[in-house]
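Below: one structure, written as C-alpha cells.
Residue numbers (the numbering used here), protein chains in the order written: chain E, 864 to 1113; chain Z, 864 to 1113; chain X, 864 to 1113; chain W, 864 to 1113; chain V, 864 to 1113; chain G, 864 to 1113; chain B, 864 to 1113; chain R, 864 to 1113.
This is the structure in C-alpha cells:
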C-alpha cells in the first residue's frame, strides 16, 4: 500500500465487499518498514505522505541500492525513484529490474511513472546551461510523481529579455522551480513576476566567491520578492517533490 | 485595483455595460507605481501577484512609513500590512489611520483584514516560547490575507510527546509553518509526519553556536524530510505570505 | 597644489613668465604631507590622483577631524569632503569653517563643491528605501568632485517594472552605481541592461541570513552580468569616488 | 603495564610477596614513552587513563604505523586499535602481526579484544545508511575496549516510527551514540527520549549546505535536549572511547 | 511524579497496598504536559529522563517564567531550576516563591536543592577569572541535582603549574567540566591527565579572532585527548546537567 | 548585428538609400536570441552592451560549446571569445572553425580579434608568477575587444622596488587590472600610486588561510586606496571586459 | 622574585654570603601562585618567563582587578601592567596604589616602569589614525618592560610616500610592530622593506567586509613578505610583549 | 651581492684599495632584479633583508623554477632554497645544478648551506607524527640559513609528560617553532613554559571541524600565553625564516 489513493481504494473495496476483510487485514499487518540491517525501508511513507519511499543514491553501495529496490518492489511499490545513482548502481539494478536512467542528472526510475494528475503546470527554469543537471533531477522527479512539466532553460538575468520571452509560461504556472548558481538573482526576478509559489534551488555552479553555491543560497534566502522559499544547494529532487506536493493540493 | 479579483470584477462590469468604458480606462491609466522620492509604491502588485503591497518597516523612518501608507490608501488598497513596525511609527500612523497593532511581533494592519477564504487550515508551530514573536508575524500575515490559522506553540523535539498530542492538527493542515531556533529539528520531525508542504522558519533564538540563527537555518536546509522548504531567519512574514499563497491555490 | 589642473596651470605660468621661478619653487617645496602626530595629511594626493585628500570620519575624534581640516585648509585645498561625520564633529568643525552637512548620510563638505565638469551622467540607483543613506554618500561624493548625478531610488527587482520605467536613465548614463542590500540582484539586472560600467555597492540592509551585507556582497561578486565590479559593503564614498574618476576620463 | 587493572595487580603481587621487589622496580623503570623519532609511543596511557595507546592511522605512512605497533607490542600492550587504516598499512601490519581488519570503517585491531566488562549496553544509532562507516568505527572501538554494543541503523527522523520501534533499546541503554549527517536532528530526538548520556557524532554525510558536516555539528551543539554532548565530525573513535569510559564507571 | 525514584516508590507502595490503586490511578492520569498557550510544561520529564523540567530564562518574559514556575509547582515539582534569569524575573518570582538567586551566573532555584546522592565528585575547572559566570551555572546546576562539586578556577595553560597543583582533584573526579574561552586548550590538557569523562564548555570570553567562542569551540572539538566531548558555547547548564547524569549512573 | 557600430552603420545606409528598407527590416526581424534548448544565445548583446556574446566554457560540454559557436557564427558574430575552454572543447571547435587557443589561461578566440580602438592603455599587473593564468585571461579578453595591453608580471609588494620600476606604466595607464593572491596588497599599493580606475582581481593562489582566494578578496574589498573596485576570485575575463568598457568610453 | 635578573642577583648574594641562606630559603618557599578563589596570581612568571604577571582587565570586575594588584604588590612585583582597564577599575585601583593611566588605550601601570634596557629600538607603525588605541597599548607595554619605542602613525599604503619618509626608522629598528585594519597591507610592505622581525597586529578598524578585523588578519597571515608573524586582532599588548622579548635577546 | 655581509666586505675592500673602484661600480650597477617575463628575481633581497631570494615552488612550472634558479645562480647567489618543489621540478633542476632534495617536506637546496652562525638553538616541536612534513620545511629552512636546530617531534598535549621530558630543550632555546594541527594547544603550553619567542605554525592535519587548519590557527591566535605569534597554516618556511632572523639578531 504505497499511497493514500491505494489506501482509500482498499477501504472502499472492503466496504463494498469486493475485498474480504481477512485479505485486507493481511495487507495492513505488513510492518511499516523492512529492516535490511544497513537500511530500514519506509513502507508506509506513501500512506503517510502521499508519495512512496525514494532512494537517495549518494553514499550507498550498488549492492545496498539493489537491496532497497528489491525490498520496495517486493512490497508492491509501483514507482521507485533513485537519485544521484552511479553508473555502477545503474548497471547492477538494470540487470534485474526495468530501469529508466537519465545520465545528465543521474536519475533512475524503476517501474512505471505516475500518470500526470497534478492540477496545473510546473515550470522548471534555470539561469544557465550548467544548471541543467539539477533541473533535470527536479523535472524528472516531478514527472515521476505525476506532473506536467515545462522546461525553461538558460534565462539568467544578464539577458533578461530571454526570461520575458517566457512570461506566459511564468504567469500560467501553478508552481515554479527557479534554479540558479552564481548570484541566484533569477529566483527574485521570477518571484516578482509570478503569482504562484516559487521554489528556489541554488546550485554549486560558479567559481571563486560562489563558494560552492553559498552565494546563490544566501541570495535566494534574502530574496526581496515574496512567495519564494529555498531548498538545499543542488537539491533538484527536493524541489521537484515539493512542487508535486503543491501541484496535487486540491 | 489591488488584486486579481477586483480586476476580474471590473472587466466583467465593462463586459456587462455596468461600468462605462471611459471610467475603466481611467482606472487602468493609473501608473503602476507612485514615486515618493524615497520609495516607489507598487500599485499593481495586487493585480500581478494576487496580494497587495506590504510595508517592511525596518530601516524606514516613521515619516516614510506614513507616506507610503498614505499613497497606498489613496489608491484604494484595502488592507495595508506593516511588519517590524516601531512604537514611534505606530504612534504616527495611528494618528491618521485605523491601525491594529500587535506588540509582540510589532505588526500593524491599516484597514480591514481579508475574509478567511483560503481552502484549508494553516498550522503555525514553534519549538519554544521564545519563537512566538516570529510565529505571530507569520500568523497575523496569514490572517490578514484571509486564512484560518491554528497556533501550536512550544512543541520542540526535546519533549516530542507534546508535538504528537497535536498530530491531528498536523495531519489535517493544508500548509504548516514550522518555526524554531537552536537546532531547528522541529521542521524535520513535522516534515516526516505531515503530507502537506512545510515552510520552515529558522529563528535567531539560541546562543553560542546558534550564531544568530545560522544553525537552525542550515539544519532546516539539510532536512532529511521531503516537502520542506526554508525562508530567511526570523522571516515570519515571508512564511505567512507563502502559506497564504499555497492555501489559496485552487 | 591640490590637483593636476592646478599643477599644469602653475607650470604654464612659469613657462610664460607669469609666475617667477622662485615663487614656483616655494610652492613645490611644500612637504608632500603634514605630520599632525595622529595623522599625516596627504597634501600631494590631488597632484598624484587628481582628487584631493578626503577625511574618513569614523574612528576619529572631533578634535582629530578638526585638526585635519585645518591642515588641509591651510594648504589651500578647496573642497574638503568628510564622510561618516558624527553630530559632534559637525558641531566642532562648523564653528570654524563653512560646512555643509547632510544628516542622512552624515556627509560634510568644507569649502566649495567642484563645478560639474564630468563628461556624462552618473546614475545612483537603490533597491530600497533603506539603502538611501549609502546612496546619498555616493551621490554627494560624486557631486563634490564635479559630476552631474541622477538619483533612481527604490527600484528593486521584486517590482521590476519600476526599474524599467527608468530605462532611459540607465541607457544614457556614463557610469551607474547600483546599491542594494538583501539579495543584491539589482546590480545584475542593471548590468544586463546597461552598456556602461556598473559599480555595485552591497549594503548591510536586511536581516537574518543577510549577515550584515555578506549576502549582497557575494551576490554582486558572482554577478552573471559583465561590466560589474564591487566595492566594500556600505561604501558609498568609494563608489562615488570611482564613478567620478571614470566620468572624468577623457 | 597498560592499564590500572594491571597496575593494581602488580602492586598486590608485590604486597603478597609473589613478585619480588626488584622485578617490580624493573617494570616501573620503563620509560613512560618510547621515542621512535617520528613518534613517541605513550606507554603509560593505560595506567594514566585506563585505556592503552591507540593509533590514529590517517597521515601516517604504513611504515610509521608498523613501527608504532612494534613498539607497543614489545611493551606488552594486549590490544592495539588502529583507526583510519589504509589498505597499504593493513597489508604491511598483517604480514607481521595478528590483525583483524574491518574495511567499511577501515579499523584494525592487533591482538585480542577485551572481554565485555562494561556495566551496561552501548547503543550506536545512525540517521541513515551512509553514516555506517562512522558508526562501525564507534562500535568496534567500544567492543575492543570491552563493551556490549547494540547497533540501530537508519532510524533518521524523516520516518520517526523506525526510531520508536527501537524505544526499548533506547530506554535500556547505559550510553547512546547518536550518529547523523545532514541536519543531525537524531541526537535531539534521542536526547529527548533517553535518560542516559547521549554522545552525538555529526558526519560529513550530505551535500550542499551540509558543508562537510558543519550543519549537523551546529545542530547537535544547539540541541534543545539535555544530556547531549558532541565530538568532532566523523569521530566515531572518540565517541566509542568516551562511551566505553562512561560504561566502565562504577 | 517528577522522577524515576518517585515513580518506583509509588509502584512499591501500590504493590504493598500502602497506596490504594485509585489514588495511584489519579496520579498517573495527569497529562504529561500542561498547556499554558505560550509554553507546554513537560511534566513527565522527570519520569522520562530522571531530572525534572528546567526553565531556560533567556527570551522569556518575567510573566512567562512566573507562569511556568506556577505550573511546575502546582504539579509538585520539588526543585525548579531557572537559568539565565533576569533581575526583573527574579523580583517577580521571588515575590511568590522561595527563590535562591545567584547573580554572577543569573541562576535561580525555587524549592529545595536535591540531597547530594551522586556517586563521586564533579570537578568544575576554568581557564580564567572571566569564565566564572559559566562555571557557576554549571556548578549550581550540578548541586541542584544532587552532586558534590569541587571548584578549580583560573588554571589556564599559560601557567600550567597552577593546574598541576590540583592534580589530585583531577585524578579523583568522576566527571570533570573544563571551561575555557580564548584557545580552549584547558580541555585537552585535562583530558590528557584524567581517566574520567571530560565535558568541555567553550566560553565567549576573549576578543578578536576568538569570534565569540568559536575558537575555543573548534579547539575543544578537535581535542587530541580522548574522553572529551563538547557542549554549546557558554552552556554551563548543559554541562552541569550531563555531568550529574553521568555521576548518577550506577 | 553584433554591436552598436554596426547598428549605426545600417541605419545610415538606410538613411542614404544604400540599403533598401526591406533588407533592413529582415535584419531587424531576427530574434534577439536563438533557443538551442540547453542555451539561449544572446544575439542582441552587442547592440545592447556594445560587446557581443561571450561563451563561459566551464560546466558546458564540448558539444554544447560547439553548438553555441555555430549559432553565433551563423548570426554573423565576428569575434567569439570562449573562456575556461577545456582541451576537449578546443579539439572539437578547432575541427570546424578558425580557433586561436592560449593554453595557460585556456582561452579561445574564434574569428578575428577587434582592431585596437580603445582610447588608452590597459596595464595588467600581477603579484606573482602563479597569477599569470588569470592575468592572461584578462589580457586576452581586453585584446580581443580592441585594446592595447601592457603586461607587468611578478611585482608583488614583498619587493616593492620591482613595482616602482614600472611607475611610468602605472602613471600613464587609462585602466589598471591588479591581480594578486595571498594577501592581495598589490591592489592597494597600485591604487595609491595611480590616478586611473584600478580593477582588482583576487586569485585563488596561496595556501592555508588564503582559503581559496577569500583572503585576497577581503583585502581588496577593504582597500584603503580609493578608485579600486573588485571582481570575483580568478575572474580575469570580467576584469578584461570591464577594463575594455572603460577604455572605450569617449 | 619577579624575574630572572632578581633570581640571579639573589643567588649571587647567597654565593657571596651577602644574603644568609635562611633568608634565601624563605624567599624561595613562597608558593608559585596565590589563590584568590576567582584568580590564581602567577608569582613565578617573572622567573619562568623573564617578565612578571600582567592583568588582562576585560571581563574582570574592578574588585577582582584590585585584588590581583594587591596580591602581586604584596609579593613585591615592581611593575604591574593592567590592560583594557575600565574607568571604574581605574578609580578603584588609583585610590590605593600609584597608578599611571593612559585613556586612549585604557592601559594602567602600577609601580614604576622598567629602565630601557632593550638592545635596540622598537618601531610601532599604524596604517591610520583609528589604529592608535591598539598602537598605544603595544607601545606602553613595550615601554613598561624596558624598551625604547619610536611611534610612526598613519602611514598606510594608500599614500606610501608617508611610509617611505620613515625608511630610516624602519631600517634601523630591531623589531617592528605593524598595526593596521582594513586590508592590512602595511605589514607586507614593511615586511618587504625591513630586515628585522615584523609583528603584525590586525585591528578591528574598518567596516563592512572587514568583518571586525578578519580581513586584516587573513591578509597579514598570507603576507608574501617573509619575517612577518601575526598576533590576535587588536592585541596590542601581545605584540608589545613579544617585541620586548625579542629586543631583550642577547 | 646576496647579503649584508658581502656588502660590508666589498665596501671594506674598496676602502682598503683591495678592490678598484671601477670593479665595485660594476657590481653595484647590476639591476636590483632580473626580469624573466614570468618572474622578476629579487637580486637585492639579500642586501635589503639579510637573506637571499627564495623560490616558492607551488604554482610554478618546472621550467619556471629552473629559469629562476639559473637567474639567481648567474648572479652569484650561493644558497638557493626551493620550497614545495614537485618531483618533476626536482628532476629538471637536478639535471643542471647541485641539488639536495628532502622528499617528506619537498624542499630543495641548490648550492651550499650556510655555516651555522646563529647565536642560539632553534627548537622545532610538533604535536604529532603527521605534522612532520611542515616541521621539516621549517627545520631545513633554518639550517639552510645558518642555524643549529633541535627536533622535538610528537609531543602533543594529550600525553604532556612527553613534552616535559624535553623541558631542558625548551628552556635553553633561543627561539621555538611550535607546530600542531587539530586543536593546536601545543603552542600555548610551550608558550607558558618558555621564556623565548614562540612561533606557532598551525597545520592542516586533522579532520572534520579542523576545517583545514582553521581550528589550530584560531587556537594559536587566541593563545593565552604571551610571547606567541603565528604564521600561515602549513607555513613551515615562514616560521623557519623568521626563527633564523631572530636567532641572528645580535
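A virtual CB, placed ideally from N, CA and C, is assigned to each residue, including glycine.
None of these values were measured; they are calculated from a predicted model.
**Study point:** From 1037/V, 928/V, 998/V, 876/V, residue whose alpha carbon lies closest to that of residue 966/V
**Key:** Walking along the fifth chain from the start, residue 966/V turns up at place 103. Nearest option by C-alpha distance: 998/V.
Point to revise | Neighbouring residues, chain Z, relative to residue 1104/E (Cβ below 7 Å) | key: Numbered from 1 along the first chain, position 241 holds the residue referred to as residue 1104/E. The answer, in chain order, is 1089, 1090.
Review point. Along chain W, which residues have their Cβ under 8 Å away from the Cβ of residue 901/E?
Key: If you number the first chain from 1, residue 901/E lands on position 38. Simply 992, 995, 1016, 1017.
Check your understanding: When we look at the beta-carbon of residue 1065/E and count the other beta-carbons within 10 Å, is it buried (16 or more) or exposed?
Key -> The residue you call residue 1065/E lines up with position 202 of the first chain. By the neighbour-count criterion, in which 16 or more other beta carbons inside 10 Å mark a residue as buried, residue 1065/E falls on the buried side.
Practice item. Might you give, ordered along the chain, the residues of its own chain that have their beta carbon closer than 6 Å to the beta carbon of residue 1036/E, omitting 5 neighbours on each side? Key: One-based indexing of the first chain puts residue 1036/E at position 173. Counting only Cβ-Cβ distances below 6 Å, and skipping sequence neighbours, we find 984, 986, 1059.
Exercise for review: Would you decide whether residue 908/E is buried or exposed? Buried here means 16 or more other CB atoms lie within 10 Å of its CB.
Suggested key: One-based indexing of the first chain puts residue 908/E at position 45. Label assigned to residue 908/E: buried.
Practice item. Keeping to the same chain, check which residues put their C-beta closer than 6 Å to that of residue 974/E; ignore five residues upstream and five downstream. Key: The sequence position of residue 974/E within the first chain is 111, counting from 1. Excluding residues up to 5 positions away in sequence, 941, 942, 943 lie with their Cβ nearer than 6 Å to the Cβ of residue 974/E in the same chain.
Review point. Along chain G, which residues have their Cβ under 7 Å away from the Cβ of residue 1060/X?
Key: Here residue 1060/X corresponds to residue number 197 of the third chain, with the count starting at 1. The CB of residue 1060/X comes closer than 7 Å to the CB of 1105, 1108, 1109 in chain G, given here in chain order.
Check your understanding: Hey, out of 1045/G, 1000/G, 1084/G, 1010/G, whose CA is closest to residue 976/G's CA?
Key -> To locate residue 976/G, count along the sixth chain from 1; it is residue 113. When C-alpha distances from residue 976/G are compared across 1045/G, 1000/G, 1084/G, 1010/G, the shortest belongs to 1010/G.
Check your understanding: Are the beta-carbon atoms belonging to residue 934/G and residue 899/G less than 8 Å from one another?
Key -> Reading the sixth chain from its first residue, position 71 is the one you call residue 934/G. Reading the sixth chain from its first residue, position 36 is the one you call residue 899/G. Cβ atoms of residue 934/G and residue 899/G: closer than 8 Å.
Review point. Under a CB-based cut-off of 8 Å, is residue 1052/V close to chain R?
Key: Numbered from 1 along the fifth chain, position 189 holds the residue referred to as residue 1052/V. It does: the Cβ of residue 1052/V has a partner Cβ on chain R nearer than 8 Å.
**Study point:** Beta carbon of residue 1088/Z nearer than 8 Å to that of residue 1021/W
**Key:** Counting from 1 along the second chain, the entry for residue 1088/Z is found at position 225. Counting from 1 along the fourth chain, the entry for residue 1021/W is found at position 158. Yes. Within cutoff.
**Study point:** Cβ-based neighbour list, residue 1061/V, same chain, cut-off 7 Å, excluding 5 preceding and 5 following
**Key:** Residue numbering aside, residue 1061/V sits at position 198 when the fifth chain is read from its first letter. Taken in chain order, the residues that qualify are 1039, 1041, 1050, 1053, 1054, 1090, 1091.
Exercise for review: Within the same chain, show all residues whose beta-carbon is closer than 8 Å to that of residue 1067/E, passing over the 5 residues directly before and after it, in chain order.
Suggested key: Walking along the first chain from the start, residue 1067/E turns up at place 204. Cβ within range, chain order: 1044, 1073, 1075, 1076, 1096, 1097.
Exercise for review: Return the bridge partner residues of residue 1014/R from the DSSP annotation.
Suggested key: In the eighth chain, the residue the question calls residue 1014/R occupies position 151. By DSSP's assignment, residue 1014/R forms a beta bridge with 987/R.
**Study point:** Three-state class that DSSP yields for residue 1076/V in the structure shown
**Key:** Counted from its first residue, the fifth chain places residue 1076/V at position 213. In the structure shown, residue 1076/V sits in a helix (DSSP, three-state: H, G or I).
Check your understanding: Closest to residue 924/B by CA distance: which of 879/B, 945/B, 980/B is it?
Key -> Sequence index remark: in the seventh chain, residue 924/B carries index 61 (1-based). Comparing Cα positions, the closest option is 945/B.
Exercise for review: Have a look at 939/V, 880/V, 929/V and flag the residue whose alpha-carbon is nearest the alpha-carbon of residue 950/V.
Suggested key: For the purposes of this step, residue 950/V is taken as residue 87 along the fifth chain, with counting starting at 1. Minimum Cα distance to residue 950/V is reached at 929/V.
**Study point:** is_contact[residue 1095/X, chain E] using C-beta, thresh 8 Å
**Key:** If you number the third chain from 1, residue 1095/X lands on position 232. Interface annotation, residue 1095/X: not in contact with chain E, CB-CB separation never under 8 Å.
Practice item. Put residue 896/E into one of helix, strand or coil per three-state DSSP. Key: The residue you call residue 896/E lines up with position 33 of the first chain. DSSP places residue 896/E in strand when its eight states are reduced to three.
Review point. Does at least one heavy atom of the ligand HEM sit under 7 Å from the Cβ of residue 1113/W?
Key: Ligands displayed in this structure: none; no statement on the ligand HEM is therefore possible.
Check your understanding: Applying a beta-carbon distance threshold of less than 9 Å, which residues of chain G neighbour residue 1070/E?
Key -> Against the first chain, residue 1070/E aligns to sequence position 207. Simply 921, 947, 1067, 1095, 1096, 1097, 1098.
Practice item. Give the secondary structure of residue 917/E by DSSP, where H, G and I count as helix, E and B as strand, and everything else as coil. Key: As a working mapping, residue 917/E is identified with position 54 in the first chain. Of the three classes helix, strand and coil, the one that applies to residue 917/E here is coil, per DSSP.
Review point. Expressed to the nearest angstrom, what Euclidean distance is found between the alpha-carbon atoms of residue 905/Z and residue 897/Z?
Key: For the purposes of this step, residue 905/Z is taken as residue 42 along the second chain, with counting starting at 1. For the purposes of this step, residue 897/Z is taken as residue 34 along the second chain, with counting starting at 1. Rounded to whole angstroms, the separation of the alpha carbons of residue 897/Z and residue 905/Z is 7 Å.
Review point. Can the beta-carbon of residue 982/G be found closer than 8 Å to that of residue 1110/G?
Key: Stepping through the sixth chain from its first residue, residue 982/G is reached at position 119. Stepping through the sixth chain from its first residue, residue 1110/G is reached at position 247. Going by C-beta atoms, residue 982/G is nearer than 8 Å to residue 1110/G.
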